Amino acid sequence: MTHLLHFVQVFLQALLDTDFCTVNLLLYSLTLNIWEKWKNNPVIVSFAEKSTPVWQIPFPAVTVCPETKARQTVFNFTKVYADMTNKAINYTLSDEESSYLEAIFQICQSHMIQNTGFGSNISSASELVEIFEIIQPPFLESYFNCRWRNKKRNCESSFHKFLTEEGICYTFNSPDQTNIFREESHIPEFVFNTENISESTWTLEKGYTNFDFTNEQFPIRVMAAGSRGGLFLELKGKKIDYDMMCRGPVPGFKILLHTPGEIPQVSRQYLRVPYDQEVLIAIKPKIITTSNGLMGYEPARRQCFFQNEKYLRFFKLYTQNNCEVECIANYTLTRCGCVKFSMPRNETTPVCGAAKITCYNQAEDELLQEEFIEGLQTSKLNYRGETKCNCLPSCTEIVYDAEISQAEYDFHAQMRALGLHDYNGNGQISSVFQRESFLTSRRSELYGTTDFLANVGGLLGLFMGVSMISFVELVYFCTVRLISNLRMRRRNLVELKSLESAKQELDKEDLTARKRSFRNKYFFN
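Note that the sequence shown covers residues 1 to 525 in UniProt numbering.
This is the structure we're talking about:
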């Protein structure tokens, strides 16, 4: 019977130990799962609590680039190119033709210069810009009617020249170059004019600081969606000036919508406005903001940069596009020893000539491939890894998407009805917001520190009965109770030693008394 009871006791003890280990393993597994979520998924992107009206954001900057890169009445690129590539003719270029080709090859289709052996390695940026202004259509030959918020405006004062990879383009609602570039890159080739632009009352992260609608603020904005709150342009171009060899058989204009303060990259993403067509651009803004609770997180975890976190050498405003442009410029300078004429630079940086066109195009392709491979190698579970450029989106970002509809624009019939003749190619653009308000996305904490502690505390309470009182008790027994017990033990030891000393004294006195009594009894009697 005793052996049976002992066996049952051992079995129950083993079962209890097994259950205890199982519960602890399960607790560890669930806690580790919560830790992984908190570490790898700290951010969630969701819709904001309320919609945003269109008057809270700026109207997009609108960059327009004519596809006519060289007017045939000024320089017949097709003829000169055909002659110089015809080996049977052995054509010799004049100095003027060589200087014009040096410039126009950089804004025509890049493959055209291959196998020609033409061009110099380094060019003068100021000379390139001067040639662009000569061979490209003048402003008044392309823009002849502008309306903003249903009111006619002077086109020349509303648009400003901008040097892009497409040559000289014109931008509406953009700050002048001195407010885009830092002092280091304030070079004459970029800064055309700075007049007619008031001081900005808007920042990307804070928005507008002044809501006074009586005076026009920069960047300008609309008060309503639809036809009464938008930009309307009537464009034209002389068909006789269009060169089919340079840009291909697609005459007209390129349009780019972008954030004010962001450098336009027309060749990356654009809308096309062909001649004799009316294009309606219905703008659909997409905005993403970031809660202040994420400022304590590393940029790699939240996958964005606040304005004060990543310094750009050439640009005052941080956007992903500006960061990528700067990174490409730095890589091109290292790879080719010069930069493209439209890239940001300082006054001492060499500008590539026509002979380097293939080099700077290959440099951009190589950088994109390196960024892709490096991003894959360093990527984590749910976010992109750090790369050489490390151009994450800005934490507050505005993207202007668009829906397009087109119709025939028979301007010639209108002229004939008036008894006039027009030999231009004409087009019309209407850019308006599609809706009065739109939904904004918000980047916020999915698992904050409070959520992490709450989840871990819940598991500890579920599996081990742990609560805040348990932690208080643990602290109490490890500090107050321990110190009290040590003091009590020390006091008891002191008292014990005192008792032992007193006992020894009593024992001595008792022994002395017994000896005296013995002597008195046996010796003195």
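Glycine included, each C-beta is placed from N, C-alpha and C at the ideal position.
Keep in mind it's a predicted model, so treat the numbers as computed, not measured.
DSSP beta-bridge partners of Trp-202: Beta-bridge pairing links Trp-202 to Tyr-208.
Tyr-400 and Pro-285 look like a contact to me (Cβ under 8 Å); what is the Cβ gap, rounded to whole Å? Right, the Cβ-Cβ distance comes to about 6 Å (below 8 Å), so this counts as a contact.
In DSSP terms, what Pro-53 is bridged to: Its beta-bridge partners are Ser-437.
Which one of His-111, Cys-395, Gln-109 has the shortest CA to CA distance from Arg-302? Cys-395 is the residue among His-111, Cys-395, Gln-109 whose C-alpha sits nearest the C-alpha of Arg-302.
Determine the direct distance from the alpha carbon of Thr-349 to that of Gly-167, and round the result to whole angstroms. Roughly 19 Å between the two C-alpha positions.
Taking a contact to mean a Cβ-Cβ separation below 8 Å, would you say Thr-63 touches Thr-171 in this structure? The criterion of a C-beta distance shorter than 8 Å is satisfied by Thr-63 and Thr-171.
Could you tell me if Asn-525 is buried or exposed, where buried requires 16 or more neighbouring beta carbons within 10 angstroms of its beta carbon? The predicted model places Asn-525 with a pLDDT of 48, which falls under 50 and marks its position as unreliable, so this point remains unresolved.
Tell me, please, whether the region 317-327 touches the region 407-415 by the rule of three or more beta-carbon pairs shorter than 8 Å. No, the region 317-327 does not touch the region 407-415.
Is it true that the CB of Leu-101 sits closer than 8 Å to the CB of Ser-342? Cβ atoms of Ser-342 and Leu-101: not closer than 8 Å.
Is the beta carbon of Arg-182 closer than 8 Å to that of Phe-315? Result yes, Cβ atoms of Phe-315 and Arg-182 sit closer than 8 Å.
Using the C-alpha atoms, what's the distance from Phe-433 back to Gly-226? Pairing Gly-226 with Phe-433, the inter-Cα distance amounts to about 6 Å.
Closest by CA to Val-250, which one among Tyr-275, Val-266, Gly-230? Across the set Tyr-275, Val-266, Gly-230, the C-alpha of Tyr-275 shows the shortest separation from the C-alpha of Val-250.
I'd like the ranges of any alpha helix (DSSP H) spanning at least 4 consecutive residues and lying wholly in the region 244-312. DSSP runs (the alpha helix (DSSP H)) wholly in the region 244-312: 244-247, 299-302.
Proximity below 8 Å, CB of Val-273 to CB of Gly-248: Against a cut-off of 8 Å, the Cβ pair of Gly-248 and Val-273 comes out as no contact.
Could you give the uninterrupted runs of the alpha helix (DSSP H) lying entirely in the region 121-147, keeping only those of 4 residues or more? Correct list: 125-135.
Contacts around Ser-291, its chain only, beta-carbon distance under 8 Å, and the 5 residues preceding and following it disregarded: Contacts found: Arg-442, Arg-443, Ser-444, Glu-445.
Report the rounded CA-to-CA distance for Phe-47 versus Glu-205, giving the unit in angstroms. Going from the Cα of Phe-47 to the Cα of Glu-205 covers about 17 Å.
Starting from the N-terminal side, write out each stretch of the alpha helix (DSSP H) that is 4 residues or longer and does not extend beyond the region 325-408. Entirely contained in the region 325-408, the alpha helix (DSSP H) runs reaching 4 residues are, in chain order, 357-378.
Should Ile-122 and Val-74 be called a contact, given that it needs their Cβ atoms to be closer than 8 Å? It is not a contact, given that the beta carbons lie outside the stated cut-off.
Chain-order list of residues whose beta-carbon lies under 6 Å from that of Thr-440 (same chain, five-residue window excluded): So the list reads Ala-48, Thr-52, Ile-287, once near-sequence residues are dropped.
Asn-322 beta carbon less than 8 Å from that of Cys-263: The displayed chain sequence assigns Ile, not Cys, to residue 263. Taking 8 Å as the cut-off, the Cβ atoms of Ile-263 and Asn-322 count as close.
Does the separation of the CB atoms of Gly-425 and Lys-254 fall below 8 Å? Their beta carbons are not under 8 Å apart, which means Gly-425 does not touch Lys-254 by this criterion.
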